[in-house]
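Read through the structure below, which is laid out as structure tokens, and then see the notes.
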Amino acid sequence: MTLAQARNVVLPCMKLLRMSAVPILEQLHLEERLLRTSVDNWCIVNDRTNRPTIVMGVSGRPSELIELKSVLRDQIPVIKRFTGGGTVIVDDGTVFISFICNKNAIPGLQPYPHPIMSWTGQLYSEVLRGFGDFHLRENDYAFNSHKFGGNAQSIIKERWIHHTSFLWDYDIKNMEYLKLPTRAPKYRSARPHVDFLCRMKEYVPSKSTFIERTIKSLGSYFLVKPFDLDDITTEPPCTLPHSTKLLSRQELEDAYSSQCENL
Amino acid sequence: MALKLWASSAANALRISCSGARTPFPAFSFSRCFSSVIDGLKYTSSHEWVKHEGSVATIGITDHAQGHLGEVVFVELPESGVAVAKGGSFGAVESVKATSDVNSPVSGEVIEVNAKLTETPGLINTSPYEDGWMIKVKPSDPSELNSLMGSKEYTKCCEEEDAH
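Structure representation (structure tokens):
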């Protein structure tokens, strides 16, 4: 047995799902199902989503986080996802990468928010070496002090998910649907979206470079095996509730009415 | 973070021991990981505690857990009347970017939830064993408590976890 083969024997497996233009709601439903019902480690890559969509964290309140009048006017979908964290607007310029892991998959990694975040910071630091001054700034991925990646996690008894929306590119007009959050990282320093964010495409040669290097870096921790979306069983337990939900127009209108009454 | 946890635990202990009107609080001990562990409670490996008094079991998350999670900003709790199962999730806490499931140490029926956590989720950080309690359950099988850890065993569990 070669050293490489011996090394592969001890690494846990990770199933790699590569998708393109899958709607973000469908991606989130899949992730929640895999987190709660699978026993495998997963890396899910979704290159862009099909339409601009606002995605809030589990405790997000529409009236506090989004410009409801324009969102209702332009019929922008609003999703509340099952993980924590803040609000993003995703579109065809977004790249999504998610890790779903058993809590003992990475030796020495405690299944808590900060250690997981720190581990991903190490991973992406390696991925993006030579492309820009990468930092894990509080809980964001940034080049210098400009954010390009937003993170969120969910930790259950024996597993965790860490997922990221990467701003490969974005339309500044879409950012106007989002309010400046009241809860923001210190390094943001009250900057508006246009001064706070940056586009990955201005630092990294291509999406495929980023994705391939991510998969290669994962190979230091896992034996990564490609997997097909069609091979995933389509029989989720019928008792599994979807925490991730698309807010109805009525819910958004009620939030807007309530906001107007409070002014 | 270790000093902050120690200070928080010591402050809680002193405040409780000085209050003559309260029921004497059980003795506590410090683990080497600087989070407090209360004698007289039972614990799970997923860092929940349970206080069993008569037909009521009060449940929350431990000082070790709150210290590792960070500032709690939102708490998801069940409604009264809901059934919980030993080892099953009954709710979640959100800390900055993460939601973390909270699991019930015992099976039974939820008879009360801590409504204060809606407005003040940080009580879980500042007072994990008292004001930060999460639910009260009427246990359906009190013998389930026998399989839980006591304070010494749980302290060792935390130390082993932090040693990694």
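These protein sequences, in sequence, are chains A and B. Take the first sequence: its letters are residues 0 to 262, numbered as in numbering that gives the first Met the number 0. Take the second sequence: its letters are residues 0 to 163, numbered as in numbering that gives the first Met the number 0. Note that beta-carbon positions come from the ideal geometry of N, C-alpha and C, so glycine has one too.
Q: Go to residue 62/B, then tell me how far its alpha helix (DSSP H) extends in each direction, as first and last residue.
A: 62-68
Q: Could you tell me the distance, in whole angstroms, from the CA atom of residue 23/A to the CA atom of residue 227/A?
A: 18 Å
**Q.** Buried versus exposed, by CB contacts within 10 Å (16 or more), residue 120/B
**A.** buried
Q: With 8 Å as the limit, tell me which residues of the region 71-86 of chain B have their beta carbon closer than that to any beta carbon of chain A; keep them in chain order.
A: 72, 73, 75 and 86
Q: From the DSSP output, read off the bridge partner residues of residue 43/A.
A: 16/A and 97/A
Q.
Output needed for residue 84/A: all residues of its chain with C-beta closer than 6 Å, excluding positions within five of it in sequence on either side, in chain order.
A. 56 and 151
Q: Output, in chain order, the set of chain B residues within a Cβ distance shorter than 8 Å of residue 81/A.
A: 98
Q. Where DSSP assigns a beta bridge to residue 52/B, which residues make up the other side?
A. 55/B
Q: Please go through the region 102-142 of chain B and give each complete alpha helix (DSSP H) segment of 4 or more residues, from N-terminal end onward.
A: 115-118 and 122-125
Q | Residues within the region 141-156 of chain A neighbouring chain B, beta-carbon criterion of under 7 Å | A | 150, 151, 152, 153, 154, 155 and 156
Q. Would you say residue 167/A and residue 198/A are within 9 Å of each other, going by their C-beta atoms?
A. yes
**Q.** Meets three-Cβ-pair contact criterion under 8 Å: the region 164-180 of chain A and the region 89-97 of chain A
**A.** yes
Q. Rounded to the nearest angstrom, how far is the Cβ of residue 58/B from that of residue 136/B, given a contact under 8 Å?
A. 6 Å
Q: Take residue 148/A and list the residues in its own chain whose beta-carbon comes closer than 6 Å to its own, dropping the five residues that flank it on each side.
A: 140, 163 and 165
Q: Assign residue 260/A to one of two classes, buried (16 or more other C-beta atoms within 10 Å of its C-beta) or exposed (fewer than that).
A: exposed
Q: Flag residue 237/A as yes if its beta-carbon sits less than 9 Å from any beta-carbon of chain B, otherwise no.
A: Here residue 237/A scores only 45 on pLDDT, less than 50, and its place in the model should not be relied on; the value that follows carries that caveat. Cβ-Cβ to chain B under 9 Å: no for residue 237/A.
Q) Since residue 28/A is in the alpha helix (DSSP H), which residue starts that stretch and which ends it? A) 23-36
Q. Measuring CB to CB, does residue 61/A end up less than 9 Å from residue 250/A?
A. yes
Q) With 16 as the cutoff for other CB atoms within 10 Å, does residue 180/A come out buried or exposed? A) exposed
Q. What's the gap between the Cα of residue 55/B and the Cα of residue 139/B?
A. 10 Å
**Q.** 9 Å Cβ cutoff, residue 102/B in contact with chain A
**A.** yes
**Q.** N-terminal and C-terminal residue of the beta strand (DSSP E) that residue 117/A is part of
**A.** Unbroken run through residue 117/A is the alpha helix (DSSP H), 112-126; no beta strand (DSSP E).
Q. How about residue 323/A and residue 9/A: do their beta carbons lie closer than 9 Å?
A. Because residue 323/A is not part of the residues shown, which for chain A are 0 to 262, the question remains open.
Q) How big is the Cα-Cα spacing for residue 114/B and residue 153/A? A) 23 Å
Q.
Using a Cβ-Cβ cutoff of less than 7 Å, which residues in the same chain neighbour residue 212/A once the five nearest sequence positions on both sides are dropped?
A. 126
Q.
Am I right that residue 112/A and residue 97/B are in contact with their C-beta atoms under 8 Å? What's the rounded C-beta distance?
A. 4 Å
Q. From which residue to which residue does the beta strand (DSSP E) around residue 279/A run?
A. Since the displayed chain A opens at 0 and closes at 262, residue 279/A lies outside it and no answer follows.
Q: State the Cα-Cα distance for the pair residue 216/A and residue 128/A, rounded to the nearest angstrom.
A: 11 Å
Q | chain B residues whose Cβ lies nearer than 7 Å to that of residue 121/A | A | What residue 121/A touches in chain B: nothing, since even the nearest Cβ is about 16 Å away.
Q | Interface positions of the region 39-64 of chain B facing chain A (Cβ-Cβ less than 8 Å), listed along the chain | A | 45
Q. Between which two residues does the alpha helix (DSSP H) containing residue 243/A stretch?
A. First-last for residue 243/A: undefined, no H or E at that position.
(Q) Looking at the secondary structure, which residues open and close the alpha helix (DSSP H) in which residue 260/A lies? (A) 248-261
Q) If we ignore side chains and look at the alpha-carbon of each, how far apart do residue 124/B and residue 100/B end up? A) 16 Å
(Q) Just to confirm before moving on: does the CB-CB distance between residue 148/B and residue 50/B stay below 9 Å? (A) no
Q | Beta-bridge pairing of residue 160/A - partner residues as DSSP gives them | A | 99/A and 153/A
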